[in-house]
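Going line by line, the protein sequences match chains A and B.
The numbering of the first sequence is the numbering used here, which starts it at 1 and goes up by one.
The numbering of the second sequence is the numbering used here, which starts it at 336 and goes up by one.
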Amino acid sequence: MLALKVIRYFSVHYLLFLWVFFSVPCYANFTENLRWSVDASARLNQNEALDNSSGIYALGLDTHKIFTSTSGDIGYGVGQLYFTKLSNYIPVPFLFTSKDDSEFIIREAHLNYTAGSNWIPNIRVGHFTLPFGLEESIDTNGRLLDYYHGKNLGTKLDWGFGLNKVVSQVEYSVSYTLGGKDKAKSVDGSYAISGRIGSLSHLNLVVGLSFFDGKIDNVVRKRLAFDWQYYWGTWGLLGELALGEDNNQSTGRQKEKYNLIELNKKLINSQFALYGQFIISDKENKKSADKLVNIGFSYQFNTQLEISMSGRKQLNNPPTGQKQQLLRVQMRIRY
Amino acid sequence: MKIRFMSLILIVILVGISGNVNAIAYCSLRDPVAQIAQLYPQKTNQLSIVKMVDDNTRTQVQLALPNNDLHFSELGQHTLYIAMLGQEALGYVHVRSEQSDWGLVEIVWAIDKNLRISNFVFQRCRSPQKKIAEESYFKTLFIGKNYQELKELLSEDGVTAKKKLLEKVHNAPELANVVLRCALKSLLLTKILWGEELEKL
């Protein structure tokens with residue numbers, strides 16, 4: 001069973017990707033300028049609304065390789081392959097077939113060509129996070145911290161290509177992807193076009209504008225978003241407002257609004273980070289908007305070990321079912 | 336299957352806890368192409384060399400600069416960038432982070448081929464004194480100096496600058512201390528880790 005899953009995931013597309021990845025002309029050995037780490041995590045969830053305890057365990061390899069020639073860098077590649085095991089996890093995520101399933105999952109797997117001259121954009125090919133909103137400058141992969149990228153757009157990562165660059169005081173990233181999510185192909189006419197342009201993401205004040213137009217899982221989504229971040233010492237205040245519409249074959253067309261505000265605080269040595277989020281998610285066809293509060297923290301013991309915890313609570317009474325109430329704890333080791 | 340997988344996770348976690356701190360560090364340039372061009376406008380490309388900052392490196396820093404340490408995020412694999420004009424090396428770029436009262440300060444150092452500071456910019460700095468530290472009079476206190484010359488500016492406590500430097504930056508003394516410590520560690524690590532390879536260029 002496990003062997004079949006390995007074969008399935010090392011499909012033609014992934015092998016093609018690896019072939020491209022390894023065959024880029026380099027004068028150096030492949031291991032030169034290669035960063036890698038084994039990444040293991042155990043996440044336990046207590047979902048009060050569903051009265052369910054569950055776990056997700058992941059063990060993977062996280063790699064980053066800079067390709068160079070005698071005249072300099074050509075670009076870099078990122079490859080993240082994880083064996084992921086669910087334990088009584090409901091609702092079952094789309095990558096899995098049952099609540100106790102296990103799968104090999106490709107997270108980020110892309111090449112970014114960076115050798116173009118000053119104005120020529122970098123070219124990214126592979127499986128990558130869609131450039132949109134806060135997630136573009138704050139990577140939440142493998143963390144409890146979440147900016148609801150996947151929920152808002154239909155997927156967090158997708159196969160395709162994109163252009164990106166930092167030009168003077170502006171950075172941008174646009175992509176065309178196939179909308180197949182984990183599959184490197186278009187499924188039932190799926191596609192996704194997304195992009196973000198913003199001020200430099202390492203400054204104390206960051207603003208960005210994003211757009212999204214795509215068809216994923218037979219839902220046509222359009223979004224326009226504004227995101228912002230302001231940092232003062234060890235405090236951070238940030239937000240994202242996304243407006244748009246979903247066109248679903250079963251429920252029809254409906255307007256969507258998503259608004260997130262986060263306040264965070266770090267210790268001066270960055271070992272401890274605390275955040276609180278307030279989220280409003282409003283759909284035209286729903287009687288009332290969902291209002292959620294997320295509070296979480298992470299503590300980095302050393303370069304390898306991090307423990308994080310988060311709690312989510314829904315403030316409004318949903319028309320059907322229980323209020324969302326979720327407690328999560330995660331231990332993560334990178335070695 | 337479940338038990339075996341859980342055991343594997345547990346073993347990895349236990350090995351991780353008991354092992355040396357040598358995993359990947361995050362400190363690097365957000366966008367090397369653009370940020371190196373800021374320090375070396377004439378560069379046509381950059382060449383990256385990745386090296387491991389481990390416990391041995393940390394000890395060498397502690398011995399050379401008493402009362403100093405490397406932040407845990409500084410351990411792991413780090414990149415030194417060589418700014419290139421065609422096949423010619425123009426100089427080096429090294430990013431390091433230093434703890435301050437305002438959180439971690441990340442400084443991008445331009446270092447010439449004689450291992451002297453030739454310029455620097457802040458990649459991340461939440462201090463209200465940042466604008467002062469970006470002014471040319473502040474920068475010139477560090478630019479052109481090598482490791483020994485900068486070390487002479489360090490007071491006996493090993494972490495603060497001598498009065499003669501602080502008097503010149505009376506409006507940003509804390510940031511001057513941070514910049515000085517970061518410059519010393521950057522030059523020291525450049526020599527320890529990349530020195531041999533840079534001589535071959």
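Don't be surprised by glycine CBs; every beta carbon is placed ideally from N, CA and C.
Compute the Euclidean distance between the alpha carbons of residue 459 (chain B) and residue 430 (chain B), then round it to the nearest angstrom.
Position 124 of the second sequence, counted from the first residue, corresponds to residue 459 (chain B). Position 95 of the second sequence, counted from the first residue, corresponds to residue 430 (chain B). The alpha-carbon atoms of residue 459 (chain B) and residue 430 (chain B) are separated by roughly 11 Å.
N- and C-terminal bounds of the alpha helix (DSSP H) containing residue 518 (chain B)
As a first step, residue 518 (chain B) must be located in the second sequence, where it is residue number 183. Looking at the DSSP string, the run of the alpha helix (DSSP H) that includes residue 518 (chain B) is 508-524.
For residue 227 (chain A), which residues in the same chain have their Cβ closer than 6 Å to its Cβ, ignoring the five residues on either side in sequence?
Locating residue 227 (chain A) in the first sequence gives position 227, counting from the first residue. So the qualifying residues of the chain are 133, 134, 208 and 240.
Residues of chain A with CB under 7 Å from residue 464 (chain B), in chain order?
Counting from one through the second sequence, the residue named residue 464 (chain B) turns up at place 129. Result: empty, since nearest Cβ-Cβ is about 11 Å, beyond 7 Å.
Any Cβ of chain A within less than 8 Å of the Cβ of residue 444 (chain B)?
Translated into positions along the second sequence, residue 444 (chain B) becomes position 109. No, residue 444 (chain B) lies away from the interface with chain A (no Cβ there is under 8 Å from its Cβ).
Under a CB-based cut-off of 8 Å, is residue 129 (chain A) close to chain C?
Absent here is chain C; the protein component of the structure consists of chains A and B.
Hey, how far is the Cα of residue 82 (chain A) from the Cα of residue 124 (chain A)?
Walking along the first sequence from the start, residue 82 (chain A) turns up at place 82. Walking along the first sequence from the start, residue 124 (chain A) turns up at place 124. Residue 82 (chain A) and residue 124 (chain A): Cα-Cα distance of roughly 21 Å.
Ordered list of beta strand (DSSP E) runs contained in the region 392-463 of chain B, each at least 3 residues
411-420, 423-435, 438-446 and 452-459
Interface residues of the region 56-78 of chain A facing chain B [CB-CB below 8 Å]:
57, 59, 62, 64, 66, 68, 70, 71, 72 and 73
Helix, strand or coil, according to DSSP, for residue 64 (chain A) in the structure here?
Within the first sequence, numbered from 1, the residue matching residue 64 (chain A) stands at position 64. Looking at residue 64 (chain A) - three-state DSSP - the assignment turns out to be strand.
So, at 6 Å on beta carbons, what are the nonlocal neighbours of residue 236 (chain A) in its own chain, with the 5 sequence-adjacent residues on each side left out?
Taking the first residue of the first sequence as 1, we reach residue 236 (chain A) at position 236. So the qualifying residues of the chain are 264.
Which residues in chain B sit within 7 Å of residue 118 (chain A), going by Cβ to Cβ distance?
One-based indexing of the first sequence puts residue 118 (chain A) at position 118. The contacting residues are 372.
Residue 93 (chain A) to residue 507 (chain B), Cα distance in whole Å?
Counting from 1 along the first sequence, the entry for residue 93 (chain A) is found at position 93. Counting from 1 along the second sequence, the entry for residue 507 (chain B) is found at position 172. Rounded to the nearest angstrom, the two C-alpha atoms are 52 Å apart.
Let me know if residue 336 (chain B) comes out buried or exposed under the rule of 16 or more other beta-carbons within 10 Å of its beta-carbon.
Within the second sequence, the letter at position 1 stands for residue 336 (chain B). Residue placement at residue 336 (chain B) is poorly supported in this model, since its pLDDT is 44, which falls under 50; the coordinates still yield a value, given next. Answer is exposed; the Cβ neighbour count stays below 16.
Residue 329 (chain A) - containing beta strand (DSSP E), residue span
What you label residue 329 (chain A) is simply residue 329 of the first sequence in a count that begins at 1. That run of the beta strand (DSSP E) goes 325-334.
Could you give the distance in angstroms between the alpha-carbon of residue 101 (chain A) and the alpha-carbon of residue 95 (chain A)?
Position 101 of the first sequence, counted from the first residue, corresponds to residue 101 (chain A). Position 95 of the first sequence, counted from the first residue, corresponds to residue 95 (chain A). Spanning the two alpha carbons is a distance of roughly 9 Å.
Mapping DSSP to helix, strand and coil, what is residue 192 (chain A)?
Taking the first residue of the first sequence as 1, we reach residue 192 (chain A) at position 192. Of the three classes helix, strand and coil, the one that applies to residue 192 (chain A) here is strand, per DSSP.
How about residue 298 (chain A) and residue 308 (chain A): are their beta carbons less than 8 Å apart?
Sequence index remark: in the first sequence, residue 298 (chain A) carries index 298 (1-based). Sequence index remark: in the first sequence, residue 308 (chain A) carries index 308 (1-based). Against a cut-off of 8 Å, the Cβ pair of residue 308 (chain A) and residue 298 (chain A) comes out as a contact.
List, in chain order, every chain A residue whose beta-carbon is nearer than 8 Å to that of residue 385 (chain B).
Within the second sequence, residue 385 (chain B) is the residue found at index 50, counting from 1. Going along chain A in sequence order, the residues near residue 385 (chain B) (Cβ under 8 Å) are 32, 33, 34, 35 and 66.
Outcome for residue 413 (chain B) when other beta-carbon atoms lying within 10 angstroms are tallied against a minimum of 16:
Translated into positions along the second sequence, residue 413 (chain B) becomes position 78. Buried, since its Cβ has 16 or more Cβ neighbours within 10 Å.
Can you give me the C-alpha to C-alpha distance between residue 310 (chain A) and residue 141 (chain A), rounded to a whole angstrom?
Your numbering for residue 310 (chain A) matches position 310 in the first sequence. Your numbering for residue 141 (chain A) matches position 141 in the first sequence. Rounded to whole angstroms, residue 310 (chain A) to residue 141 (chain A) spans 15 Å at the Cα level.
When Cβ atoms are compared, which residues of the region 384-414 of chain B fall closer than 8 Å to chain A?
384, 385, 406, 407, 408, 410, 411, 412 and 414
Closer than 8 Å at the beta carbon, the chain A residues around residue 426 (chain B)
Along the second sequence, one-based indexing puts residue 426 (chain B) at 91. Neighbours of residue 426 (chain B) on chain A: none; closest Cβ ~14 Å, over 8 Å.
Please go through the same chain and pick out, in chain order, the residues whose beta-carbon is closer than 6 Å to the beta-carbon of residue 193 (chain A), but skip the five residues on each side of it.
Translated into the one-based positions of the first sequence, residue 193 (chain A) becomes position 193. 176 and 213, listed in sequence order.
On the three-state DSSP scale, how would you describe residue 178 (chain A)?
Along the first sequence, read from residue 1 onward, the residue named residue 178 (chain A) stands at position 178. The answer is coil: DSSP assigns residue 178 (chain A) none of H, G, I, E or B.
Applying the 10 Å Cβ sphere with the 16-neighbour rule, what's the burial state of residue 394 (chain B)?
The residue given as residue 394 (chain B) occupies position 59 in the second sequence. When all chains shown are included, residue 394 (chain B) counts as exposed.
Quick check on residue 479 (chain B) - is its C-beta less than 8 Å from some C-beta in chain A?
On the second sequence, residue 479 (chain B) is found 144 positions in, with the first residue counted as 1. Judged by the 8 Å Cβ criterion, residue 479 (chain B) is not in contact with chain A.
Per-residue DSSP class, three states only, for residue 280 (chain A)
Numbered from its first residue, the first sequence carries residue 280 (chain A) at position 280. Looking at residue 280 (chain A) - three-state DSSP - the assignment turns out to be strand.
Whole-number beta carbon distance between residue 84 (chain A) and residue 56 (chain A), since they are thought to touch under 8 Å:
Within the first sequence, numbered from 1, the residue matching residue 56 (chain A) stands at position 56. Within the first sequence, numbered from 1, the residue matching residue 84 (chain A) stands at position 84. Confirmed, Cβ separation roughly 7 Å.
Return the Cβ separation of residue 223 (chain A) and residue 244 (chain A) in integer angstroms, given the expectation that the two are a contact with Cβ distance under 8 Å.
Locating residue 223 (chain A) in the first sequence gives position 223, counting from the first residue. Locating residue 244 (chain A) in the first sequence gives position 244, counting from the first residue. Residue 223 (chain A) to residue 244 (chain A), Cβ: 4 Å. Contact.
Candidates A:62, A:119 and A:99, of which the one nearest residue 110 (chain A) by Cα:
The sequence position of residue 110 (chain A) within the first sequence is 110, counting from 1. Of the listed residues, the one whose Cα sits closest to residue 110 (chain A) is A:62.
Who are the neighbours of residue 524 (chain B) on chain A, taking C-beta pairs under 7 Å?
Sequence index remark: in the second sequence, residue 524 (chain B) carries index 189 (1-based). Neighbours of residue 524 (chain B) on chain A: none; closest Cβ ~16 Å, over 7 Å.
When you compare each of B:390, B:410, B:415 and B:402 to residue 364 (chain B) by their alpha carbons, which one comes out closest?
On the second sequence, position 29 is the one that residue 364 (chain B) refers to. If we check each option's Cα against that of residue 364 (chain B), B:415 comes out closest.
When you compare only the Cα positions, how much space is there between residue 376 (chain B) and residue 468 (chain B)?
Against the second sequence, residue 376 (chain B) aligns to sequence position 41. Against the second sequence, residue 468 (chain B) aligns to sequence position 133. C-alpha separation (whole angstroms): 21 Å.
Whose C-beta lies closer than 7 Å to the C-beta of residue 379 (chain B) among residues of the same chain, with five residues either side of it excluded?
For the purposes of this step, residue 379 (chain B) is taken as the residue at position 44 of the second sequence. Answer for residue 379 (chain B): 419, 420 and 421, listed in chain order.
Any beta-carbon of chain B closer than 8 Å to the one on residue 24 (chain A)?
Along the first sequence, read from residue 1 onward, the residue named residue 24 (chain A) stands at position 24. In this prediction, residue 24 (chain A) has a pLDDT of 48, which is less than 50 and means its spatial position is unreliable; what the coordinates show is noted afterwards. Judged by the 8 Å Cβ criterion, residue 24 (chain A) is not in contact with chain B.
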